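> Those protein sequence lines, which keep their order, are chains H and S.
First residue of the first sequence? That's 2 in the working numbering, and the numbers climb one at a time after it.
First residue of the second sequence? That's 2 in the working numbering, and the numbers climb one at a time after it.
Okay, handing you the structure first.
2 protein chains.
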Amino acid sequence: MRPKIDVSEIETGVVGLGMMGTSIAVALCIAGHPVKAVAPIAHELENARKSIARQLQHADASGLLQQPISFYMNRIRLSEDYFVFQNCRLVLECVIEDKAAKARVYRKIAAATGTDTVISSNTSAIPVSDLQEMVPEPGRFLGIHWAEPAYMTRFMEITKGIRTEDRYADWVYQLAHQWGKEPTFLQKDIRGFVTNRLMYAVYREIFHLVAKGETTIADADKAFRYDAGSWMTYMGIFERMEQQGLSDFSKIFQRIFPKLDNSTEVPQLMQEMVKTKVKGVQQARGLYTYTREEAAAWEKSFAEFNKEIYQLADQYQKIKNE
Amino acid sequence: MRPKIDVSEIETGVVGLGMMGTSIAVALCIAGHPVKAVAPIAHELENARKSIARQLQHADASGLLQQPISFYMNRIRLSEDYFVFQNCRLVLECVIEDKAAKARVYRKIAAATGTDTVISSNTSAIPVSDLQEMVPEPGRFLGIHWAEPAYMTRFMEITKGIRTEDRYADWVYQLAHQWGKEPTFLQKDIRGFVTNRLMYAVYREIFHLVAKGETTIADADKAFRYDAGSWMTYMGIFERMEQQGLSDFSKIFQRIFPKLDNSTEVPQLMQEMVKTKVKGVQQARGLYTYTREEAAAWEKSFAEFNKEIYQLADQYQKIKNE
């Protein structure tokens with residue numbers, strides 16, 4: 002048995018209050034931590050408050066809260082001042098994927114906290130060992146990689162950099178179980194981490210197939226969603242291969258691996274999207290066309306879906322562990 | 002509005018009664034077709050009968066049946082003799098991925114049926130245009146690619162070969178809607194088809210990461226399942242990118258694409274699995290260790306899961322289409 006840590010005494014901090022940062026703040030708060038949340042960009046604060054309130058309502062509607070919403074609202078302190086981190090034992094950085102911006106944030110966190118406060122990044126693009134070099138006392142720095150919505154997903158990758166000390170990583174691993182996660186430890190500090198690497202392999206191939214006219218965006222989405230989406234909540238990739246029967250795969254690998262795309266360049270279609278400053282569903286402009294109302298309805302129904310898929314995954318996790 | 006076809010008068014046939022073939026026979030039968038099912042391997046017949054009965058029970062428990070199970074059992078005729086196909090307008094081949102074996106099957110189907118009977122393959126490895134050359138009257142041949150369990154998934158890819166005539170493909174596309182599918186038409190006859198190509202890109206990368214010691218089989222499975230598995234039932238790959246915000250992806254592509262594996266060889270680990278004749282969960286021997294009882298419990302709980310995820314996908318499909 003893993004001993005329980007009393008998290009109500011452990012203050013935690015979050016820097017960067019976009020979609021991911023606010024979601025992490027909510028997750029830590031629901032798990033029992035007092036939370037200090039800092040917006041390095043001043044105008045983020047008001048949006049952050051709304052976003053946190055909305056997510057707490059979502060969590061409440063999903064049966065995740067033991068206390069009224071106001072109880073949690075009161076335990077998340079929003080600020081522009083890093084000084085609120087002074088008693089934090091763990092601070093999570095969730096700002097943009099830019100080394101210079103992150104370096105500034107780490108300097109400010111370090112200045113406000115003790116030398117054994119664990120500092121972590123949610124980066125999915127920059128090696129933890131690189132970021133670590135920008136942190137005073139780099140032994141207490143590591144990657145903690147969350148999935149959205151942070152309060153309602155079990156995924157968590159914990160990544161040590163070259164200089165990360167085990168005592169800090171082990172402590173976070175233990176905490177993660179109390180956050181309701183199924184954490185995995187990354188053996189090495191690779192770029193993109195495991196699940197992102199796998200998804201980037203998919204992105205590379207799908208852009209290739211669309212560019213070659215082998216499929217359309219809408220058809221590829223429909224097909225993958227109804228195919229992979231019908232089992233992926235239940236099992237991983239290797240488990241899937243076992244379920245399908247391993248012996249056929251070898252022959253198919255031999256035939257298909259040489260046909261897969263090996264591009265190292267950003268796909269043309271993506272370059273065009275960036276040029277025209279298309280952002281996606283949050284701005285109701287993207288690869289698909291929709292009105293702002295449709296985009297809002299889509300986000301709302303996905304929030305509902307999150308709840309259902311979380312409960313479904315939970316239920317089958319219990320069955321599999323019996 | 003698409004006019005409804007009266008499928009109760011359209012006899013359909015299935016050759017190859019393994020996991021996929023029996024599941025397809027059940028799907029066609031539930032959709033209303035009379036079904037003739039031929040096992041080219043004699044000992045498959047007894048297993049096929051049991052497998053069909055079990056799947057009909059599953060469909061019944063999931064609320065998919067309008068009639069008692071016996072009604073459907075009586076509308077699936079099992080045989081070793083291709084002559085049962087004589088009145089079939091569509092015959093689906095689901096035998097092993099071997100050109101010579103498939104050629105023998107096509108000759109026998111063609112000998113038993115009329116020249117305008119549509120013949121199709123569920124292959125996910127051999128180009129439809131190649132298979133087509135082994136079929137008399139190749140214009141009526143096409144690929145119909147199912148997902149498992151065939152009676153409880155919406156996925157279907159319809160693939161034309163170079164010589165496939167539109168009238169046959171259009172007819173199958175129309176029928177597919179009556180089977181409860183969300184069919185996609187493949188523009189071209191590529192190996193592996195869209196969803197498989199995407200999955201093979203994942204397989205290539207995941208074997209690479211495990212081989213390099215970047216992750217373990219169990220951790221990779223856990224991470225991917227809890228990450229991708231938390232949204233994939235709801236949306237496709239491009240939809241996901243939109244939801245995440247397109248602008249970040251371009252930078253990450255630039256950094257990560259050059260790091261992805263480009264192997265053309267069967268991974269070492271897979272070669273070893275093949276050598277030791279490990280088959281997977283059906284024989285309770287594979288990458289994971291489990292007892293036969295655990296393997297059976299796993300299959301049973303996945304059947305339950307299929308039902309739930311099908312209903313969940315259905316519910317959100319309706320919301321998205323509103």
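Just so it is clear, CB atoms sit at the ideal spot from N, CA and C, and this is done for glycine as well.
Note that the structure is a prediction, hence the values are computed from the model and not measured.
Looking only at DSSP bridge pairs, what is residue 122 of chain H linked to?
The partner list for residue 122 of chain H (beta bridge, DSSP) reads H/94, H/144.
> Thinking C-alpha only, which one of H/206, H/144, H/47 is nearest residue 263 of chain H?
Residue H/206 is the option with its Cα nearest to residue 263 of chain H.
> State the beta-bridge partners of residue 159 of chain H as determined by DSSP.
Bridge partners of residue 159 of chain H: H/145, H/186.
> Is there a Cβ from chain S that is less than 8 Å from the Cβ of residue 272 of chain H?
Yes - at least one Cβ of chain S is within 8 Å of the one on residue 272 of chain H.
> Could you give the DSSP three-state label for residue 1 of chain S: helix, strand or coil?
This structure cannot speak to residue 1 of chain S, because chain S is shown only from 2 to 323.
> Counting only Cβ pairs nearer than 9 Å, list the residues of chain B close to residue 196 of chain H.
Of the chains in the structure shown, none is chain B; the protein chains are H and S.
> Can you tell me the Cα-Cα spacing of residue 76 of chain S and residue 30 of chain S, whole angstroms?
Those two C-alpha atoms are separated by around 7 Å.
> Below 9 Å between beta carbons is the criterion; list the residues of the region 241 to 262 of chain S that meet it against any residue of chain H, in chain order.
Per Cβ criterion, the list reads 241, 242, 243, 244, 245, 246, 247, 248, 249, 250, 251, 252, 253, 254, 255, 256, 257, 258, 259, 260, 261, 262.
> By DSSP, does residue 27 of chain S sit in helix, in strand, or in coil?
Here residue 27 of chain S sits in helix by DSSP.
> What separation, rounded to the nearest whole angstrom, lies between the Cα atoms of residue 2 of chain H and residue 174 of chain H?
Reliability fails at residue 2 of chain H, whose pLDDT of 45 lies under 50, so the model's placement of it is uncertain and the value that follows must be treated cautiously. Rounded to the nearest angstrom, the two C-alpha atoms are 14 Å apart.
> Assuming residue 147 of chain S contacts residue 25 of chain S (C-beta within less than 8 Å), just tell me the rounded distance between them.
Sure, about 6 Å apart at Cβ, within 8 Å.
> Take the Cβ of residue 58 of chain S as the centre, count every other Cβ of all protein chains shown within 10 Å, and call the residue buried at 16 or more, exposed below.
Exposed.
> Counting only beta-carbon atoms, is residue 265 of chain H nearer than 8 Å to chain S?
By this cut-off, residue 265 of chain H is an interface position.
> Is there a C-beta anywhere in chain S that falls below 8 Å from the one on residue 236 of chain H?
Yes, contact with chain S.
> Could you spell out where the beta strand (DSSP E) holding residue 127 of chain S opens and where it closes?
No beta strand (DSSP E) holds residue 127 of chain S; DSSP gives it neither H nor E.
> Exposed or buried, residue 277 of chain H, counting other C-beta atoms within 10 Å across all chains shown (16 or more means buried)?
The residue in question, residue 277 of chain H, is exposed, as its Cβ has fewer than 16 Cβ neighbours within 10 Å.
> Based on Cα-Cα distance, which residue from S/91, S/51, S/64 lies nearest to residue 36 of chain S?
Of the candidates S/91, S/51, S/64, the one whose C-alpha sits nearest the C-alpha of residue 36 of chain S is S/91.
> Near residue 197 of chain S, what residues of its chain come up, given a Cβ to Cβ distance below 6 Å and the 5 sequence neighbours on each side ignored?
Taken in chain order, the residues that qualify are 125.
> Residues of the region 137 to 157 of chain H in Cβ contact with chain S at a cutoff of 7 Å, in chain order, please.
Within the region 137 to 157 of chain H, the qualifying residues are 148, 154, 155, 156.
> Ignore the nearest five residues each way along the sequence and tell me which others in residue 268 of chain S's own chain have a CB closer than 6 Å to its CB.
So the list reads 208, once near-sequence residues are dropped.
> Less than 8 Å between CB atoms is the rule here; does residue 74 of chain H satisfy it with respect to chain S?
For residue 74 of chain H, the answer is no, since every Cβ of chain S falls outside 8 Å of its Cβ.
> Given 8 Å as the limit, is there contact between the region 212 to 220 of chain H and the region 245 to 257 of chain S, that is, 3 or more CB pairs closer than that?
No: fewer than three Cβ pairs fall under 8 Å.
> In the DSSP output, which residue or residues are listed as bridge partners for residue 78 of chain H?
Its beta-bridge partners are H/37.
> I think residue 96 of chain S touches residue 85 of chain S, with their Cβ atoms under 8 Å apart; what is that distance to the nearest whole Å?
16 Å between Cβ atoms; not a contact.
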